[in-house]
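**Student:**
In full-length UniProt numbering, the protein residues as written are 1 to 266.
(1) Which same chain residues end up closer than 7 Å to residue 181 when comparing Cβ atoms and leaving out the 5 residues on each side of it in sequence?
(2) Roughly how many whole angstroms lie between the Cα atoms of residue 102 and residue 141?
(3) Starting from the C-beta of residue 12, find all residues in its chain whose C-beta is less than 6 Å away, skip the five residues before and the five after it, and write them out in chain order.
(4) For residue 241, does the count of other Cβ atoms within 10 angstroms reach 16, so buried, or fall short, so exposed?
(5) Excluding five sequence neighbours on each side, which residues of the same chain lie with their C-beta closer than 6 Å to the C-beta of residue 17?
(6) Going by beta-carbon coordinates alone, are residue 192 and residue 183 separated by less than 8 Å?
(7) Pop quiz: residue 100 and residue 69 are said to be a contact at Cβ under 8 Å. What is the actual Cβ separation, rounded to whole angstroms?
(8) Count Cβ pairs between the region 161–173 and the region 112–126 that sit closer than 8 Å; are there 3 or more?
(9) Is it true that the CB of residue 10 sits closer than 8 Å to the CB of residue 55?
(10) Tell me, which residues are paired with residue 134 by DSSP?
(11) Leaving out five residues before and five after residue 21 in sequence, what residues of the same chain have Cβ atoms less than 6 Å from its Cβ?
(12) Here's the rule: buried if 16 or more other CB atoms are within 10 angstroms of the residue's CB, otherwise exposed. What is residue 19?
(13) Quick check on the DSSP output: the alpha helix (DSSP H) that includes residue 221 runs from which residue to which?
(14) So what does DSSP say about residue 240, is it helix, strand or coil?
(15) Terminal residues of the continuous alpha helix (DSSP H) containing residue 61?
(16) Just to confirm my understanding: we take residue 43, look at its own chain, exclude 5 residues before and 5 after, and list those with CB closer than 8 Å. What are they?
(17) Residue 161 by DSSP, collapsed to three states: which one?
(18) Taking the beta strand (DSSP E) that residue 113 falls in, what are its first and last residues?
(19) Going by alpha carbons, who is nearest to residue 259 out of 81, 93 and 88?
(20) What is the rounded straight-line gap between the Cα of residue 57 and the Cα of residue 105?
(21) Suppose you measure from the CA of residue 29 to the CA of residue 36; what does that come to, to the nearest Å?
(22) The alpha helix (DSSP H) with residue 258 in it runs from where to where?
(23) My assumption, with CB atoms under 8 Å, is that residue 51 sits in contact with residue 65. Please give the rounded CB distance.
(24) Could you spell out where the alpha helix (DSSP H) holding residue 45 opens and where it closes?
(25) Within a Cβ cutoff of 6 Å, which residues of the same chain sit near residue 253, ignoring the five residues on either side of it in sequence?
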């Protein structure tokens with residue numbers, strides 16, 4: 001499996017769980033054939049940290065810059081201006097993680113919506129793709145995306161775990177779909193296992209969402225239960241089986257889609 005090159009489109013490398021071994025985790029990923037990592041920005045501070053990390057690994061590490069819906073309440077409009085200033089920095093490849101999360105409502109829905117629309121406008125202004133989060137907010141998120149669809153270039157629903165109808169709604173808007181180790185879960189991932197073959201090859205991308213969502217079928221399980229980008233080939237292998245493709249074909253398709261989406265070069 002290691003002779004294929006992969007891109008992990010969603011890694012929370014600024015998370016504190018990596019503070020003691022971040023460089024080792026990155027090097028381990030490279031050794032497993034993950035040749036590019038896209039670090040997820042979730043707040044202004046984390047987006048800056050992600051950008052600084054990218055600058056140490058040019059052409060290998062990239063990042064998104066954004067404000068996750070959980071943190072919408074903590075950011076004033078001045079932060080959004082500062083966020084917009086980061087867009088032109090080398091290594092920044094998307095706006096996000098942004099969207100709506102009505103499951104936990106760690107920020108009030110209205111503030112989430114305001115923050116989301118502001119980031120949609122930043123993406124539109126700079127013709128940057130969007131890295132999107134959505135949980136228990138499909139109806140509202142779809143409504144907002146439809147209203148702005150003519151303005152932004154493209155977007156990926158990161159860590160998709162929704163219904164068949166939600167998948168088709170997003171595909172109808174020409175959005176991309178990010179698949180994580182959730183698909184390896186024999187309890188929660190059953191519907192996604194059936195749905196993944198419905199995703200067109202030029203819309204599918206892969207991610208770990210590390211340190212979260214350690215694939216449940218990894219053996220042996222790491223003692224820490226921490227997910228790392230090194231497990232991306234495992235997720236790819238599971239997806240290849242579910243879509244009934246040779247790993248080589250899936251690899252070629254996913255890499256092409258990812259490079260096109262994020263405007264990366266080999």
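Heads up, the beta-carbon is just placed ideally off N, CA and C, and yes, glycines get one too. All values reported here derive from a predicted model rather than from experimental measurement.
**Tutor:** Concretely, from the data shown:
(1) 208, 213, 214, 215, 227, 231 and 235
(2) 10 Å
(3) 40
(4) exposed
(5) 211 and 226
(6) yes
(7) 5 Å
(8) no
(9) no
(10) 100
(11) none
(12) exposed
(13) Unbroken run through residue 221: none, as it is neither H nor E.
(14) helix
(15) Where residue 61 is concerned, there is no enclosing alpha helix (DSSP H), although the beta strand (DSSP E) it sits in stretches over 61–65.
(16) 67, 68, 71, 74 and 75
(17) coil
(18) Not the beta strand (DSSP E): residue 113 falls in the alpha helix (DSSP H), residues 109–126.
(19) 93
(20) 35 Å
(21) 9 Å
(22) 247–262
(23) 7 Å
(24) 44–56
(25) 201
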